[in-house]
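Read through the structure below, which is laid out as structure tokens, and then see the notes.
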Amino acid sequence: MEMEKTRGGESEETERRKLILLEKVKECLSQKPDQRREESPILWAMDVVKCLKSLKMEMPSPDLAEILVSHLCFDNNNASIWKFLQQALSVRLLSPLHVLSLLSSRVIPNRRSQPEAYRLFLELFSRYAFSLDTAVDDACRDKIINSVDSALQLSRTYEIKSSDIQEGPFGVDNFQDMDMDSRGNFSAERNEHRELLRKKNTNMAMEVLAKLMESRKAVVLLRLVRLNMPEKFHGLLQRLWFSEANNLTSSSMKPVSQFFERLSANIFKVCDFEYQLNKGQLVRMLSDIRQPYKRLSYCNSESVQYACWAPFDIYLEHIMDGKQLLITSGVSMLTETIMLLQVFNRASWQETFLALWLSALRLVQREHEPLEGPIPHLESRLCILLTIVPLAIANIMDDEAKFCSSSLQGAAKSGFMEIDGHGYQVDGKGQTSRKNGLISSLQVLGQFSGLLCPPASVIGAANAAAVKAASFISNSKSAKCGSVCGTHSDSYINAGGNLRHLIIEACIARKLIDTSVYYWPGYVSASVISFIDLPPVQKSPWVVFMEGTPFSNSLVNLLLATPSPSLAEIEKLYDIALNGSVEERSAAAKILCGASLSHGWNIQEHVLRYVVKLLSPPKPSTHTGQRSYLVDYMPMLSAILSGASSIDTVHVLSLHGLIPEVAASLMPLCEVFGSLMPTSNNISSTNDEPSIYMVFSSAFLFLLRLWKFYRPPIDQCLTGGGAIGGELTLEYLLLLRNGRIASHNYPAQDEFNSDQGQHEYASDKPEYVDFYPKLRAWYCQNKSCVASPLSGISTGNPVHERPMLPAWDVLEATPFVLEAILTACAHGRLSSRDLTTGLRDLIDFLPATLGTIVSYFAAELTRGIWKPVPMNGTDWPSPAAILSAVDSEIKEILAAAGIDIPCGSSGQSPPMLPLPMAALVSLTITFKLNKSHEYIHAVVGPALENCSSGCPWPSIPIIGSLWAQKVRRWHHFIVVSCARSVLKRNKVAVAQLLRSCFSSFLGSLNDSTSLLSNQSSVSRLLGTIIAAPGVSPSLAPGFLYLRSCRTIVDIQYVNGVIIGLVTEYARELATRWTRMDSSRLKSSQASLSHAAAKAREVAMLGASLLCLSGGMNLIQELYLETIPTWLLSSKTEKLGDVSAVSRILEGYAMAYLLVMSGSASWGIGSTPPAWAMARRARVVGVHMDFLVRVLEGNISLGCHPATWKAYVSCVVGLVVSFAPAWIQVVKLETLRKLAGGLRGWHESELALSLLERGGVAAMGSVAELLNVIS
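Following our numbering, the numbering of the sequence shown begins with 12 at its first residue and continues without gaps.
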């Protein structure tokens, strides 16, 4: 009650003061001419000021403004009153913004009936439009804001709260609804003076508007609208063009046309406006990333290997690691990388696409002489070059096409467009800059003949592509002459085909370019064109197939070896695989997994989708009975599982992001075939007839390969595994797959040529492990097995016999059998030979038991309770014959990569291994090495590496020696794998390898000149070839690191090492620059900008390695822990006397590393995936809060002040320029404080650009800061 009385008393007092003020105004503005005081407006203003002070009312006074405007419009329209209003504005008795807002809502709607008032309003508007109030207390500010909002309806127009409206420019968006004059205000008698005044007012309004648009404040404020309210800005442009088009149709409107031309020019300046930073300060020079980068030179391949494009090479080589299957499409990931590097390098699309093609070509050439072994080879690398890269480019083209056809296409008429905050020019030729860039890059690509040489396996395909172009040219010439030639596709013709011909065909197939490229000079030689006049030697097997010829052995073999020319043939194969006879189904499935999948690059993604569909065939509507319909498809499923489970095919599936779909398709097969009771003649398969056990084993082992089934859950948590880290789980794969279905990311059903009325597709429904009881039971048992020892074994059960049981029952019993025989061997009741023979018999009986054997032995090795056994050649196989040679080769590989650590065997004789490890390796070397057993080796290889790395060090060369003795042609691959294992737990080796990566790419710190003079080289970092024939492998440092980084146990250690290397190189670059004499300083090669560019290269290399080493978890730690800790810790004692330039360049390199790594992990666009958006907002927000706390003095710095200032300024500058979408998720209060800190460093322009991108809520803060710095 007391509070209400108090408020009532305050309200009454306010009203009383308003009445007194009103009377004072009336006294000054006497309504009758004979009563009007003959005093100047300044005396009136002085009287009003005295009255305000006596009433203790604030100034500028919102109450006075409302009283004056309400009495001025329109009964008191005389010059003296307007002069008084102008005087009150000039002495800040009134708020210009407030008065103009009140007048706008009254004068503009009545501008024709009150031309005199409109003319005077224009005078005031011209003078005070950008005069913003600075020294206004909060209470007065709130009153003004509320009154302005009420007059202009800003909160309704822009859908924001009135409390969010700050002091700033007022909008005129709602004036389009106020263009109606008040009815009854017009008199039938219009004098000529008022009519003339109306015409003059129109011209004056245009002049005032054009003049205001030339001011810097107007440009900044309009740019603010463009960045934060793009739909409003583009609407303004569209209305402007509409008005301009209408006025141009009349020849009498020349002055108006000139106005629109002038106004348009000023508004378009907004699109190109950039802050002119003071280049006198070094930090500002570094923050100004508008300076051009070195452009690509096209004379040779080495000249384009600048570090700014190295992330392409690093990423492409990284995804070739067969031990790490991608769960996200490589196409989408590469698309993001292309967009990111194009923005960060400020490059044209020609440069971007050319760098991408060259990186992909280097990827293929690196495999010219591959290491033989169970790893992805040339097929996967060609898939990247000819399928993944074209599809990524197609995504970029689609992105441009969607933008150009959107509702904002009117904005494109200016020649400027913006996507995710980044603009680009279209060169006045329509929205074709990306397509033109692609065409130009393909033209220039012909100059890199060294990279275009095709590997031996694709020479025929390259020649066929060249012949196809020659046939097209020949046919077009013949058509003009009235004759038509046949179409050649004969690969035996030596047409000089190279990889560029295959790239061109891939782009044409995806409609990125058209066949006009065939006429490029030198694309096809004249001799080939003349040879095309000869008739084709033989008909394509696919033509024979499409003519309806039934399958024969010869036709099937030809179709297996020849890629399909189009999707129609694949659709027919798919139909036969579902509806043909038993033999036809099997043959069609084999053909589908043949050359059409591995070399059908132009339709590969479609072939893969059909293969995945065949893994979960539809249930026919005619099927009846309790037996699963999948049994009827057993021959087809056996063929498709055999073809799809090859190492290269699985890797290609992962490159297309289909691993979650494959996992969901395999689960029903495992459940059904593992539950069937086999007959006596259907247990194992000794011929080509598929058996229930073989189909189950193929599907089950295929499923196991898709995630690390042998890793205990606690191990996954410790290494950051599961859904976010490197180790996947089956549940997470299913969540990904189900999420794609829910978001309609899975291909539409009508993509497949099948009858919806006959088939029901189970693959389009969500899948969960709980849907499959038998699989779930094994899944839980496996997790228990790898996490803890088993107990409760009993004898006398059928598990000790050769049972006739469903496969799931056999798998359930296998761990108990393994415990029994391993314990018996350890106690001497079972010989090692019998143990190995028994394990091999078990796998021959049911190959799927290999998964359980691997899980069990891995768990037992982790327990560490088993004694080592001698590998002496009597009880267990001996590696002694080549162990010392393998040791020596491992040392050579590590030394060539810059690693110098003791890693030889212990010298013990005989070598020893823990019993489970000895049993596992003895078992695996008994497997045959043929194509039919590839699905087994694909499980054994990673399992052996995992198990051996958990044993004492000599175990790794011992295991490698045993396998090298078994498979001599895999010798080099095995030795390399052993060398990689050294890095898993050895921090010293990791640090040495990372330093070697930096020195090989950038130059050694020990070389006094190389850092600034040498050109960074991808070839030194990743190597030009993996292994030369007949020579021991020597791996480049970067290649070895990329193959090892995802297995490093303490991956967080990598963060600190890379930060240290980046800052060390940055300091050294600055030191080298300062030591140069004056003549060298004047040269562009030794300029500071060149040193800064090299620092960017250092940071970009570090960011690339960080992102691929630990993913988002590692980058999050970089933002939240590593860099803050580095900034807060003192390094003065370690570094000694370091120059200021070194400190600044150090801060710049750290800032670039931070922004680049975050951009690569979360993207720079405004619409990333939901998971990336949430993490980006949190991590970036926390880091910005940290910067503010340090600026406020709440946290003490440990680094040098110059380093700190350079770091903060460059972080803000880089985020503003490259990732403006990040700023909008940071709290407004944080942005204001950060801008305030920058302004304290005289970085007002940078502070302004930061707030400018803070969203609608920050617009008022921009206006305030703009008023202060102006």
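Glycine included, every Cβ here is placed at the ideal spot set by N, Cα and C.
Is it right to say residue i is buried, meaning 16 or more other beta carbons lie within 10 angstroms of its own, or is it exposed?
| i | result |
| --- | --- |
| D898 | buried |
| L449 | buried |
| A1274 | buried |
| N698 | Because the pLDDT at N698 is just 48, under 50, the model does not fix this residue reliably, and the point stays unresolved. |
| Q353 | buried |
| H634 | exposed |
| R1154 | buried |
| G533 | exposed |
| Q458 | exposed |
| P913 | exposed |
| W1182 | exposed |
| M1300 | Here the chain covers residues 12 to 1281 and nothing more, so residue 1300 does not appear. |
| F95 | buried |
| F253 | exposed |
Over the uninterrupted alpha helix (DSSP H) stretch that includes residue i, give me the two end residues.
| i | result |
| --- | --- |
| M215 | E203 to M224 |
| P881 | Unbroken run through P881 is the beta strand (DSSP E), P879 to P881; no alpha helix (DSSP H). |
| G654 | M645 to A655 |
| D845 | S843 to F856 |
| K601 | V593 to L603 |
| P1212 | P1212 to F1229 |
| G559 | Here G559 belongs to no alpha helix (DSSP H), and DSSP marks it neither H nor E. |
| N613 | Segment: none, N613 is in no alpha helix (DSSP H) and carries neither H nor E. |
| K942 | Unbroken run through K942: none, as it is neither H nor E. |
| P817 | Careful: P817 lies outside any alpha helix (DSSP H) and carries neither H nor E. |
| W1137 | I1134 to L1139 |
| N1124 | L1099 to E1128 |
| I519 | L510 to A520 |
Which first and last residues belong to the beta strand (DSSP E) in which residue i is found?
| i | result |
| --- | --- |
| M923 | M923 to P925 |
If you run the structure through DSSP and keep just helix, strand and coil, what is residue i?
| i | result |
| --- | --- |
| K154 | helix |
| P1180 | coil |
| P631 | strand |
| E1275 | helix |
| R377 | coil |
| A140 | coil |
| D1148 | coil |
| C791 | helix |
| H838 | coil |
| W1084 | helix |
| C962 | coil |
| M57 | helix |
| T1035 | coil |
| N356 | coil |
| K914 | The question names Lys, but residue 914 is Cys in the sequence shown. The answer is coil: DSSP assigns C914 none of H, G, I, E or B. |
Just to check my reading of the structure: residue i and residue j have Cβ atoms closer than 8 Å, yes? What is that Cβ distance to the nearest angstrom?
| i | j | result |
| --- | --- | --- |
| L608 | V622 | 7 Å |
| I1134 | S1168 | In fact, because the Cβ distance is near 10 Å, the residues do not count as touching under 8 Å. |
| R1107 | Y1163 | 6 Å |
| A221 | L274 | 5 Å |
| L1129 | L1117 | 7 Å |
| L1208 | L1139 | 7 Å |
| P927 | L861 | About 15 Å; that fails the 8 Å criterion. |
| S1010 | A1047 | At roughly 12 Å, the Cβ-Cβ gap does not stay under 8 Å, so S1010 and A1047 are not in contact. |
Consider the C-beta atom of residue i and the heavy atoms of the ligand PLP; say whether any pair is separated by less than 8 Å.
| i | result |
| --- | --- |
| L510 | Although the ligand PLP was asked about, the structure shown includes no ligands whatsoever. |
Three Cβ pairs or more, each shorter than 8 Å: is that satisfied between the stretch 590-605 and the stretch 369-380?
No: fewer than three Cβ pairs fall under 8 Å.
Touching by the beta-carbon criterion (3+ pairs, under 8 Å), the stretch 562-573 and the stretch 509-519:
Cβ pair count under 8 Å is below three, so no.
Count the C-beta pairs between the stretch 1170-1189 and the stretch 1222-1231 that are closer than 8 Å, then say yes if the count reaches three, no if not.
At 8 Å Cβ cutoff, the stretches touch.
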